[in-house]
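A quick write-up on the structure given underneath.
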Amino acid sequence: MTFEKTILCIGAGYVGGPTMAMIASQCPRCRVTVVDINPERIAAWNSDNLPIYEPGLDELVRATRGRNLFFSTEIERGIRENDIIFVSVNTPTKSFGLGAGMAADLQYWEKTARQILEFSDSSKIVIEKSTLPVKTALAMERILNCRENGIHFDVLSNPEFLAEGTAVRDLEHPDRILIGSRETDNGLKARQTLVDIYASWVPKERILTSNIWSSELSKLVSNAFLAQRISSINAISALCEKADADVAEVSRAVGMDSRIGPKFLNASIGFGGSCFRKDILNLVYLCRNYGLDVVADYWESVVKINDYQQERFIRNMLGAMFNTLAGKRICLWGFAFKANTGDTRESPAIFIARRLLEEQAEIVVSDPKALKNARTDLTGVRGQIRYVEDPLLAAEGCHAIALLTEWDLYRNLDFKKIFDSMAKPAFIFDGRNILDHRRCFDIGFNVYPVGKPPLTHF
Ligand code: NAD
Ligand code: UGA
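First residue of the sequence shown? That's 132 in this note's numbering, and the numbers climb one at a time after it.
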């Protein structure tokens, strides 16, 4: 079969894999190849055991792999053979030198640009899929177009807005697709090529085009706004606990204002995930770099509230359990940073587990999909840790349960049986406010939600 377009994606992670599977599925006349430097990851994409858990992803990959979707480690060949190249390598926070702990580490990104330059023998469209600081495309253009050999590269920005756990749905029905380009003839032509790919399944009015810097910046700002809503409601949850108000009632009342809207107003132990923190810190760094310290401080406070919320959760546990956790056994229900994913990057559970161990508690970690990652995250951390997948067995003999991830399975367990198997007095700290608190209290638990009055038997 001859394909109309040949597409390469460099980086087979949480973004590259699912995004390319969706393009392959919606555009059968495109051949899509995903390459990565990590051979184990590629082997997993080619197996029945995909490297990431995402509802609906197995079916999507099964339907397209070997037809017009291919996973490979042959980066050099991929670059030669494809005219449209997405780059979705990781862009973590820099851990060294100037900007350490704040700026984006662009080394993987720049290495990829140099590889594209080295192995290209024809002109190509290069698309930023990774989240990047504003003006990265300029650096990319400079690297790529530094040779005068007749080969031309057009760089586009096409940030990804999928959320983990709902990636397949988000990719199939995106709120919007954003494509930033140069407003030159070549830039506009490249932009149209990408618009045509998405137009195979995304309604035209949802495909936004913009200048390239607006596109890069919009991605950072979208994540900053989402995280800001969580920090706003979490800040209010602290006040609710003092003022005997109920944060769920407050967020309901506030969110019914159509100008505010109901989403992303669930108080919690704080946001996790690989991107919110890094992208806000990146925005903060950019603002400081441009001398906008007041703006930088404003956005940095979103991260500070998030750290505060996690520490507050531990302090509430300590206060409730008579100011000592030493020798007590605490079961963690959930370790993933949110439900429906096995991803634990920046999960608040990591911080909470470490803090509980510092207090010399013993912990039992339970999660339906994230135990492998949890083991890696807690490798080398001192203290007594057990890993038990079954939530009932995990809670047996424990003094407290801390619910850290909003997995549906925790909502309807046999709480009477769980209570009977635990040390007394038994505590539940519901870090996601998903349990039936009154029912748990009536069974005998002392219940501590986030941002609501506790229900205690003392
Ligand atoms: P990831 O770590 O899961 O995947 C990145 C992959 O790139 C890894 O498999 C790594 O081996 C590979 N890689 C690194 N350097 C390479 C190179 N030179 N050649 C080939 N492969 C290379 O990361 P991710 O979660 O997929 O995120 C990728 C980007 O997308 C980041 O910029 C992130 O901010 C952004 N993003 C992520 C999400 C998300 O939900 N995870 C959503 C939107 C945007
Ligand atoms: C987030 C954005 O939602 C995506 O649009 C974006 O593409 C992605 O980051 C990215 O750039 O990586 P993700 O981190 O996968 O997606 O998941 P979210 O649903 O945004 O949740 C992030 C964190 O906030 C989770 O820990 C979640 O539990 C927490 N959260 C979310 C709350 O505490 N309260 C809420 O009301 C909503």
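Think of the CB as a built atom: it goes at the ideal place given N, C-alpha and C, for glycine as much as any other residue.
(request) Keeping to the same chain, check which residues put their C-beta closer than 6 Å to that of G465; ignore five residues upstream and five downstream. (result) Position 334 of the sequence shown holds residue 465. These residues qualify, in order along the chain: D498, L535, T536, W538.
(request) Grab the span of the beta strand (DSSP E) containing E493 for me, first residue to last. (result) Locating residue 493 in the sequence shown gives position 362, counting from the first residue. 493 to 497 is the span of the beta strand (DSSP E), which, as asked, contains E493.
(request) Return yes when the Cβ of L487 is within less than 9 Å of the Cβ of L524, no when it is not. (result) As a first step, residue 524 is located in the sequence shown; it is residue number 393 there, counting from the start. As a first step, residue 487 is located in the sequence shown; it is residue number 356 there, counting from the start. Contact flag unset, no.
(message) For S219, would you say it is in contact with chain C, using Cβ-to-Cβ distances shorter than 9 Å as the test?
(response) Looking for chain C here will not work: only one protein chain is present.
(request) Provide the residue span of the beta strand (DSSP E) that contains A531, from first to last. (result) Stepping through the sequence shown from its first residue, residue 531 is reached at position 400. Taken as a continuous stretch (DSSP letters only), the beta strand (DSSP E) holding A531 covers 531 to 534.
(request) Could you tell me how far apart the beta carbons of R322 and A369 are, in whole angstroms, since I believe they sit closer than 8 Å? (result) Walking along the sequence shown from the start, residue 322 turns up at place 191. Walking along the sequence shown from the start, residue 369 turns up at place 238. Not a contact, Cβ separation roughly 46 Å.
(message) Please classify H568 as buried or exposed, where buried requires at least 16 other C-beta atoms within 10 Å of its C-beta.
(response) In the sequence shown, residue 568 corresponds to position 437, counting from 1. The residue in question, H568, is buried, as its Cβ has 16 or more Cβ neighbours within 10 Å.
(request) Give me the Cβ distance between P149 and L339, rounded to the nearest whole Å; I'm assuming they're in contact under 8 Å. (result) For the purposes of this step, residue 149 is identified with residue 18 of the sequence shown, where counting begins at 1. For the purposes of this step, residue 339 is identified with residue 208 of the sequence shown, where counting begins at 1. Incorrect: roughly 21 Å between the Cβ atoms, too far for contact.
(message) Would you call the segment 338 to 356 in contact with the segment 312 to 321, where contact means no fewer than 3 C-beta pairs closer than 8 Å?
(response) yes
(request) Tell me, please, which residues DSSP counts as bridged to S399. (result) Here residue 399 refers to the residue found at position 268 when the sequence shown is read from its first residue. According to DSSP, which records beta bridges pairwise, S399 is partnered with nothing at all.
(message) Determine whether the beta carbon atoms of G528 and A554 lie at a separation below 9 Å.
(response) Here residue 528 refers to the residue found at position 397 when the sequence shown is read from its first residue. Here residue 554 refers to the residue found at position 423 when the sequence shown is read from its first residue. Cβ atoms of G528 and A554: closer than 9 Å.
(message) One question on the structure: do V257 and F227 come within less than 9 Å of each other, judged by their Cβ atoms?
(response) As a position in the sequence shown, residue 257 is number 126, starting the count at 1. As a position in the sequence shown, residue 227 is number 96, starting the count at 1. Result no, Cβ atoms of V257 and F227 do not sit closer than 9 Å.
(message) Here's the rule I'm using: 16 or more other beta-carbon atoms within 10 Å means buried, otherwise exposed. How should E259 be labelled?
(response) On the sequence shown, position 128 is the one that residue 259 refers to. Answer is buried; the Cβ neighbour count reaches 16.
(message) Buried or exposed for N420, going by 16 or more other Cβ atoms inside 10 Å?
(response) For the purposes of this step, residue 420 is identified with residue 289 of the sequence shown, where counting begins at 1. Counting Cβ neighbours within 10 Å, N420 comes out exposed, since fewer than 16 surround it.
(message) Measuring only from the beta carbon, is N354 closer than 8 Å to any heavy atom that is part of the ligand UGA?
(response) As a working mapping, residue 354 is identified with position 223 in the sequence shown. Checking the Cβ of N354 against the ligand UGA gives yes.
(message) Quick check: the Cα distance between E241 and H588, rounded to an integer number of angstroms?
(response) For the purposes of this step, residue 241 is identified with residue 110 of the sequence shown, where counting begins at 1. For the purposes of this step, residue 588 is identified with residue 457 of the sequence shown, where counting begins at 1. Rounded to whole angstroms, E241 to H588 spans 59 Å at the Cα level.
(message) For N504 and G458, which I take to be in contact (beta-carbon distance under 8 Å), what is that distance rounded to the nearest angstrom?
(response) The residue given as residue 504 occupies position 373 in the sequence shown. The residue given as residue 458 occupies position 327 in the sequence shown. About 28 Å; that fails the 8 Å criterion.
(request) Throw me the rounded Cβ distance for the P110 and L309 pair, which I believe falls under 8 Å. (result) Since the first residue shown for the chain is 132 and the last is 589, residue 110 is missing from the structure and cannot be characterised.
(message) Would I247 and I210 be called neighbours here (beta carbons separated by less than 9 Å)?
(response) For this step, residue 247 is matched to residue 116 along the sequence shown. For this step, residue 210 is matched to residue 79 along the sequence shown. Result yes, Cβ atoms of I247 and I210 sit closer than 9 Å.
(request) Take A439 as the anchor and find which of I483, I461, N454, G422 has the nearest alpha-carbon. (result) What you label residue 439 is simply residue 308 of the sequence shown in a count that begins at 1. In the sequence as displayed, the identity of residue 439 is Tyr instead of Ala. Out of I483, I461, N454, G422, I483 has the C-alpha closest to the C-alpha of Y439.
(message) Quick check on DSSP: helix, strand or coil for W464?
(response) The residue given as residue 464 occupies position 333 in the sequence shown. Residue state, collapsed to three classes: strand.
(message) Quick check: what's the CA-CA separation for R360 versus Y429?
(response) Translated into positions along the sequence shown, residue 360 becomes position 229. Translated into positions along the sequence shown, residue 429 becomes position 298. R360 and Y429: Cα-Cα distance of roughly 13 Å.
(message) Taking 6 Å as the limit between beta carbons, can you name the residues of its chain near R476, skipping five residues before and five after?
(response) Taking the first residue of the sequence shown as position 1, residue 476 is located at position 345. For R476, where only same-chain residues beyond five positions count, the Cβ hits under 6 Å are S405.
(message) Using a Cβ distance threshold of 8 Å, determine whether the segment 384 to 401 contacts the segment 200 to 217, with at least three qualifying pairs required.
(response) no
(message) Given this structure, state the Cα-to-Cα distance separating G450 from F560, to the nearest angstrom.
(response) As a first step, residue 450 is located in the sequence shown; it is residue number 319 there, counting from the start. As a first step, residue 560 is located in the sequence shown; it is residue number 429 there, counting from the start. Straight-line Cα distance between these residues: approximately 12 Å.
(message) Quick check: is any heavy atom of the ligand NAD less than 8 Å from the C-beta of A470?
(response) In the sequence shown, the residue the question calls residue 470 occupies position 339. Outside the cutoff, so no.
(message) Given a cut-off of 9 Å on the beta-carbon distance, is the pair L263 and E347 in contact?
(response) The residue you call residue 263 lines up with position 132 of the sequence shown. The residue you call residue 347 lines up with position 216 of the sequence shown. In this structure, E347 lies closer than 9 Å to L263 by Cβ.
(message) Quick check on the burial criterion: 16 or more other C-beta atoms within 10 angstroms. Buried or exposed for R245?
(response) As a position in the sequence shown, residue 245 is number 114, starting the count at 1. That one is exposed.
(message) Could you compute how far the alpha carbon of E205 sits from the alpha carbon of T222?
(response) For the purposes of this step, residue 205 is taken as the residue at position 74 of the sequence shown. For the purposes of this step, residue 222 is taken as the residue at position 91 of the sequence shown. E205 and T222: Cα-Cα distance of roughly 22 Å.
(request) Compare the Cα-Cα distances from R383 to each of I364, D375, I400 and report the closest residue. (result) Taking the sequence shown and counting its residues from 1, the one referred to as residue 383 is at position 252. R383 has its Cα closest to that of I364, out of I364, D375, I400.
(request) Compare the Cα-Cα distances from V165 to each of N471, F201, V519 and report the closest residue. (result) Within the sequence shown, the letter at position 34 stands for residue 165. If we check each option's Cα against that of V165, F201 comes out closest.
(request) In angstroms with no decimal places, state the Cα-to-Cα distance between S156 and I445. (result) Translated into the one-based positions of the sequence shown, residue 156 becomes position 25. Translated into the one-based positions of the sequence shown, residue 445 becomes position 314. Computed Cα separation, rounded: 45 Å.
(message) With a threshold of 8 Å on Cβ separation, who are the neighbours of M387 within its own chain once the five nearest residues in sequence on each side are excluded?
(response) Counting from one through the sequence shown, the residue named residue 387 turns up at place 256. P393, listed in sequence order.
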